[in-house]
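**Student:** The sequence shown begins at 75 in my numbering and counts up one residue at a time. We put the CB at the ideal spot given by N, CA and C, even for glycine. These numbers come from a predicted model, not from an experiment.
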Amino acid sequence: MAHVKLHIPGPVEVSPKTFEALCRPMIGHRGQGFKDLYAKLQPQLQTLLSTKQLVYLSTSSAWGVMEGAIRNLVAKKVLNCMCGAFSDKWLDVSKRCGKDAEGLQVPWGSPIRAEQIDAKLATGQFDALTLIHNETSTGTMSPLAEIAALKAKYPDVMFIVDAVSSMTAVPLNFDALGIDVLLAGTQKAFALPPGLSVFVASPAALAKAATIADRGYYFDFVEFEKNAKDSMTPSTPSVSHIYALASKVDDFFAEGLEARYARHHQTNQMLRDWGTKHGFTLFPEAEFGSKTLCCFNNGAKPGGRVVDAAKLQKLMKDQGILIDGGYGKIKGTTFRISNMGDETPATMQVLIVALDKAMAQL
Ligand SMILES: *Cc1c(COP(=O)(O)O)cnc(C)c1O
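(1) Count the other CB atoms, across all protein chains shown, that sit within 10 Å of the CB of T350; report buried if there are 16 or more and exposed otherwise.
(2) Closer than 7 Å by C-beta to V231: which residues in its own chain qualify, once you throw out the five before and the five after it? Chain order, please.
(3) Kindly confirm or deny that the region 318 to 337 and the region 113 to 125 touch, where touching means at least three C-beta pairs closer than 8 Å.
(4) Under 7 Å from any heavy atom of ligand 1, does the C-beta of W182 make it?
(5) Between A258 and A136, is the Cβ-Cβ spacing less than 8 Å?
(6) Any heavy atom of ligand 1 closer than 7 Å to the beta-carbon of F495?
(7) Which residue's Cα is closest to the Cα of L256: T285, E141 and C369?
(8) Just list the residues that DSSP pairs I404 with in beta bridges.
(9) On the premise that L386 lies in contact with C369, defined as a C-beta separation below 8 Å, what is that separation, rounded to the nearest angstrom?
(10) What is the rounded straight-line gap between the Cα of E151 and the Cα of F108?
(11) Assign V274 to buried or exposed, taking buried as 16 or more other Cβ atoms, counted over all protein chains shown, within 10 Å of its Cβ.
(12) Specify, as a first and last residue, the run of the beta strand (DSSP E) that D236 falls within.
(13) Could you name the residues that DSSP lists as bridge partners for G363?
(14) Where do the N-terminal and C-terminal ends of the beta strand (DSSP E) with F273 fall, by residue?
(15) Is DSSP giving R98 helix, strand or coil here?
(16) Short of 6 Å in beta carbon distance, which residues of its chain neighbour D57, apart from the five on each side in sequence? Order them along the chain.
(17) What residues in its chain sit with their C-beta under 7 Å from that of I101, if we drop five residues either side in the sequence?
(18) Ignoring anything shorter than 3 residues, give me the beta strand (DSSP E) runs that lie fully in the region 252 to 296, in order along the chain.
(19) What are the boundary residues of the beta strand (DSSP E) that includes I206?
(20) Can you tell me whether C97 is buried or exposed? The criterion is at least 16 other CB atoms within 10 Å of its CB, across all chains shown.
(21) Hey, is K262 close to ligand 1, as in C-beta under 7 Å from one of its heavy atoms?
(22) So, at 6 Å on beta carbons, what are the nonlocal neighbours of M215 in its own chain, with the 5 sequence-adjacent residues on each side left out?
(23) Any idea what DSSP makes of K91, helix, strand or coil?
(24) To the nearest angstrom, how far is the alpha carbon of F160 from that of S124?
(25) Taking C-alpha atoms, which residue in T210, E189, G378 and R289 lies nearest to C171?
(26) Are H81 and L396 close, meaning C-beta to C-beta below 8 Å?
(27) Using DSSP's beta-bridge definition, name the partner residues of R410.
(28) Give me whichever residues DSSP pairs with T355 in a beta bridge.
(29) Could you check whether A318 and V92 sit closer than 8 Å to each other, using their CB atoms as the reference points?
(30) When the distance is taken between beta carbons, is Q261 closer than 8 Å to G399?
In structure tokens:
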């Protein structure tokens with residue numbers, strides 16, 4: 075079968091080196107080999123997230139940990155900050171967990187702002203909030219530092235942050251932000267195959283979780299902490315994914331984290347420049363545009379060029395590259411292209427040549 079390269083915003087292209095690591099011989103998850111694997115990874119992940127807390131490995135996609143955070147940390151009422159398909163869904167998930175929940179909805183393409191959260195938290199109704207740092211469906215990055223600063227004013231509110239499509243692409247300093255949970259699935263910016271999530275919890279989050287009676291087992295944060303202290307996971311993990319993660323994280327440090335962030339900035343700018351050249355505008359407010367993908371406006375908002383997104387996608391696929399034709403209610407009226415993972419200026423140039431060729435045929 076012909077290989078179609080993924081430039082969709084997750085899952086993204088996985089390197090042969092990563093697949094090789096994934097295929098290493100199996101080991102027992104309670105043996106020294108696994109403990110050594112996790113123990114080597116732990117300080118690297120702590121450096122990546124600038125934290126002294128233990129970083130946990132969950133064999134699940136991101137939603138497992140997103141739901142787990144609700145089950146572990148919400149006793150009173152959760153504020154779900156909503157600005158796109160994934161963040162909107164978190165309200166639904168909170169309710170399905172039987173929690174009292176309220177949405178803070180802004181129009182898709184707008185970020186969540188601190189003053190909007192402040193106004194809600196000032197009511198005193200909430201003991202937790204959920205925020206998606208980089209809303210992948212709309213390509214919008216909310217100002218995390220500005221929002222996290224509110225934690226000082228509301229120390230008893232659990233700040234739960236999804237960084238699924240931004241972690242490793244922009245700096246995320248967990249301890250300095252002072253937030254309570256930071257999580258990511260690894261099929262996005264980490265460029266691993268789907269099936270593994272990485273997350274970290276604050277001491278306050280662990281203390282709160284310990285007081286919650288019905289937090290379940292598979293995503294019990296207290297179990298994750300207890301096991302991580304021994305370089306283990308609560309249940310049998312996807313050891314193969316963890317081999318792949320170890321290989322990938324070595325790559326991050328070989329490149330250098332600052333160089334990695336700079337590379338994402340540069341490759342994202344290449345995409346933006348391509349859009350501008352063809353008359354497209356960004357769907358999100360430009361200053362809040364994501365660094366890991368571009369969600370181009372294609373009729374969802376006034377202004378800019380409009381093309382047949384399905385046809386553009388088809389013309390790209392014919393050249394062996396998959397781009398995304400828009401997500402949820404903005405399918406077709408936006409389209410998305412990712413620069414996450416291993417993409418370099420050179421690989422982005424190949425993409426851009428193909429995009430230009432497709433545009434010439436529209
Ligand atoms: C992809 C994505 C998710 C959902 O991840 P799953 O791996 O499908 O569980 C959640 N949040 C964001 C921001 C995403 O991009």
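**Tutor:** Taking the geometry as given:
(1) When all chains shown are included, T350 counts as exposed.
(2) Around V231: L195, F200, D201, A202 and L203.
(3) Look at the beta carbons and you see the region 318 to 337 touching the region 113 to 125: at least three pairs across the two are nearer than 8 Å.
(4) No.
(5) Yes, the pair counts as a contact, with Cβ atoms nearer than the cut-off.
(6) A question about residue 495 goes unanswered here, because the residues of the chain that appear run from 75 up to 436.
(7) Across the set T285, E141 and C369, the C-alpha of E141 shows the shortest separation from the C-alpha of L256.
(8) None, per the DSSP bridge assignment.
(9) The C-beta separation of C369 from L386 comes to about 14 Å, leaving the pair out of contact by the 8 Å criterion.
(10) The residue you asked about is not Glu; residue 151 is Lys in the sequence shown. Going from the Cα of K151 to the Cα of F108 covers about 39 Å.
(11) In this structure V274 is buried. Its beta-carbon is surrounded by 16 or more other beta-carbon atoms within 10 angstroms.
(12) For D236, the enclosing beta strand (DSSP E) has its first and last residue at M232 to D236.
(13) G363 is bridged to T214.
(14) Where F273 is concerned, the enclosing beta strand (DSSP E) stretches over S271 to A275.
(15) R98: coil per DSSP, three-state reduction.
(16) Absent from the structure is residue 57, since the part of the chain shown begins at 75 and ends at 436.
(17) Residues G107, F108 and V313 of the same chain have their beta carbon placed closer than 7 Å to that of I101, with the five preceding and five following residues left out of the count.
(18) Complete beta strand (DSSP E) runs here, min 3: 255 to 259 and 271 to 275.
(19) For I206, the enclosing beta strand (DSSP E) has its first and last residue at A202 to I206.
(20) Per the 10 Å Cβ criterion, exposed.
(21) Yes, the beta carbon of K262 sits closer than 7 Å to at least one heavy atom of ligand 1.
(22) Once the five neighbours on either side are set aside, the close Cβ partners of M215 are N208, F362 and S364.
(23) In this structure, K91 counts as helix in the three-state DSSP scheme.
(24) Roughly 26 Å between the two C-alpha positions.
(25) Nearest Cα to C171 within the set T210, E189, G378 and R289: R289.
(26) The answer is yes: Cβ separation under 8 Å.
(27) DSSP, once it has assigned bridges, lists C369 and D398 as partnering R410.
(28) The partner list for T355 (beta bridge, DSSP) reads N371.
(29) In the sequence under discussion, the amino acid at residue 92 is Thr, which differs from the Val named in the question. In this structure, A318 lies closer than 8 Å to T92 by Cβ.
(30) No, the pair does not count as a contact, with Cβ atoms beyond the cut-off.
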